[in-house]
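Colleague: What follows is a structure written as structure tokens; I'll ask about it next.
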Amino acid sequence: MRHLAPGLMILAALASANAVAEGADALCAGRAGCILTAKTDAGTGAEGERLTIVELALPNEPDDDVSCQPARREIWLVGEKPGVPAATKKLQELCNDGYGAASVGEDDIAVTPNHLTHTQYGGSNWRWETVTELQLSPLEVLKSASCSYHVFGPGWQYNEWDLRAQKGRALARRLVCNAQGEPDLPEEEIAGGCVPGEETIAYSPIPRLYLGLPDETLLATQIVDCAATATSDGKDGFIVHGKPGAPDDATLKVIAIDEKSLWIAVTDDRLIEDGENWLYDDHLEIWVGDINEPLCDREDDKPSQFAIPLRKPQAIVASGPKTAAPVATSRVSVGQDGRVAASLIVRFEQMPNRITLVYSDSDDGKAQKRLIATSPVKFADRMSLGEFGYPGANAYRCAVRGGAFVREGAASLSVLPGGEEN
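Under the working numbering, the first residue of the sequence shown is numbered 1105, with each subsequent residue one higher.
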């Protein structure tokens, strides 16, 4: 038996290879003009299956609205176990039509053990690049990222979404305009991509998740997942005043629920209110501003600041240009231990382009102990504000369960360019 073992191992390996080959070849069966262009080993899956990424090229059809160059492209996952028919799953269907007016479109597929990373590039004068990372077994979209920039301008925008942890991170390069309303930089300093430097600001993008839930449900629910988050220890969001504390001392979470409204959740270990000066009560702050030039910021543009007490949510115009104050409603509960949980809905006449949420935490009503925020906001500095972000259709899958808004499942494959709903 000792002498037969190597032969048996070889036969098993050949059988496995043949099964994968048969599974891959079957993908073109009955499809005129289909060509198997690549077959890449993707290692071993979670259940011991052999994983292979298969790429197919298919001809353009006469009635296609666009011409895919050089052909339509399909990306398939083949999983195989000995003695079991190969399992196949189409991951993407790609059509490189130039991906924008500049016709610079590209797709790149990189395969590593149990992972696939897809990079797509395109645009016009405004260029973009997206990167999506996929775990193959069990199948899950792990991360998506995008970079946007102007080929004749130095500014850029980068968003990254951790779809398993459901957290966003953003970077942006922002510059002050000259008298002509243009960034005052020599041509050699044009970025040509998302390259961090001294003008880079980091922030937590507020996800746009248009939920369609009634206000009564939102106010009775605490946000747990799927939100831009700031915590007192600084591990999420930013501490813009004071020192880090315990992570559960205070938390701030926010979601954009429609084109004009925010859903906000605050927790605190105690509520300080009804003092002589609202500044030293616990309260929410909202800093807002608009983008008036596409490539730079005018130096004289200042943000507006509103303060909103948790229990009496009448917006106070705190600083900056006078603009229509948002309208807020809230529900606050206080536990036997004194811990506070507040849900708020804040509506604007028109949602601003830039926005930062801040929670001001005071433990004695005499001073602001700590400010936690969704960006490293600075007083009267519009360039320090954050922005909204869109993680993608069905990228964040959350639902109301037992009075909490929680993650309910992995991101859909539709997050991938050309990916299908699952």
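Heads up, the beta-carbon is just placed ideally off N, CA and C, and yes, glycines get one too.
Where does Y1384 fall in DSSP's three states?
Modeller: Three-state result, Y1384: helix.
Colleague: Using a Cβ-Cβ cutoff of less than 6 Å, which residues in the same chain neighbour A1324 once the five nearest sequence positions on both sides are dropped?
Modeller: Correct list: empty, nothing qualifies.
Colleague: L1275: beta carbon under 6 Å from a heavy atom of the ligand FAD?
Modeller: Summarising the ligand content, the structure contains no ligands, and the ligand FAD is consequently not present.
Colleague: CA-CA distance, K1046 and V1328?
Modeller: Since the first residue of the chain shown is 1105 and the last is 1526, residue 1046 is not available in this structure.
Colleague: Here's the rule: buried if 16 or more other CB atoms are within 10 angstroms of the residue's CB, otherwise exposed. What is A1354?
Modeller: The residue in question, A1354, is buried, as its Cβ has 16 or more Cβ neighbours within 10 Å.
Colleague: Do the region 1380–1387 and the region 1474–1488 make contact, defined as three or more Cβ pairs closer than 8 Å?
Modeller: No: the two stretches stay apart, fewer than three of their Cβ pairs being nearer than 8 Å.
Colleague: At the level of alpha carbons, what is the spacing between K1406 and P1425?
Modeller: One C-alpha to the other measures close to 7 Å.
Colleague: Consult DSSP for T1427 and reduce its assignment to one of helix, strand or coil.
Modeller: It is coil, neither helix nor strand.
Colleague: Comparing alpha-carbon positions, which option in R1374, G1346, R1415, I1390 lies nearest K1357?
Modeller: The shortest C-alpha separation from K1357 is found at I1390.
Colleague: Runs of 3 residues minimum, wholly inside the region 1248–1309: which ones carry the beta strand (DSSP E) assignment?
Modeller: Counting only runs of 3 or more, we get 1260–1266, 1271–1277, 1304–1307.
Colleague: Check whether the region 1458–1470 and the region 1431–1447 touch, using three or more Cβ-Cβ pairs below 8 Å as the test.
Modeller: With a cut-off of 8 Å, the region 1431–1447 and the region 1458–1470 do not count as touching, because too few Cβ pairs lie within range.
Colleague: Could you compute how far the alpha carbon of H1387 sits from the alpha carbon of D1372?
Modeller: If I take the Cα positions, the gap works out to 11 Å.
Colleague: What's the call for G1507, buried or exposed, on a 16-neighbour Cβ count within 10 Å?
Modeller: Counting Cβ neighbours within 10 Å, G1507 comes out exposed, since fewer than 16 surround it.
Colleague: In three-state DSSP terms, what is A1369?
Modeller: Reduced to three states, the DSSP call for A1369 is strand.
Colleague: DSSP three-state label for L1140, please.
Modeller: Strand, per DSSP.
Colleague: How is L1181 classed by DSSP in three states: helix, strand or coil?
Modeller: Strand at L1181.
Colleague: Give the DSSP-derived three-state secondary structure of V1170 in the structure shown.
Modeller: Residue state, collapsed to three classes: coil.
Colleague: What are the boundary residues of the alpha helix (DSSP H) that includes D1319?
Modeller: From DSSP, the alpha helix (DSSP H) with D1319 extends over 1319–1323.
Colleague: Starting from the C-beta of E1512, find all residues in its chain whose C-beta is less than 8 Å away, skip the five residues before and the five after it, and write them out in chain order.
Modeller: Excluding positions up to five away in sequence, the list reads R1501, C1502, A1503, R1505.
Colleague: Using the beta-carbon count (16 or more within 10 Å), is D1168 buried or exposed?
Modeller: So D1168 ends up on the exposed side.
Colleague: By Cβ distance below 6 Å, which residues in the same chain neighbour A1205 in space, the five residues on each side in sequence not counted?
Modeller: Cβ neighbours of A1205 beyond the five flanking positions: S1228.
Colleague: In three-state DSSP terms, what is V1421?
Modeller: Three-state result, V1421: strand.
Colleague: Can you give me the C-alpha to C-alpha distance between T1234 and G1209, rounded to a whole angstrom?
Modeller: T1234 and G1209: Cα-Cα distance of roughly 12 Å.
Colleague: Determine the DSSP secondary structure at V1528, reduced to helix, strand or coil.
Modeller: Limits of the chain in this structure are 1105 at one end and 1526 at the other, which puts residue 1528 out of reach.
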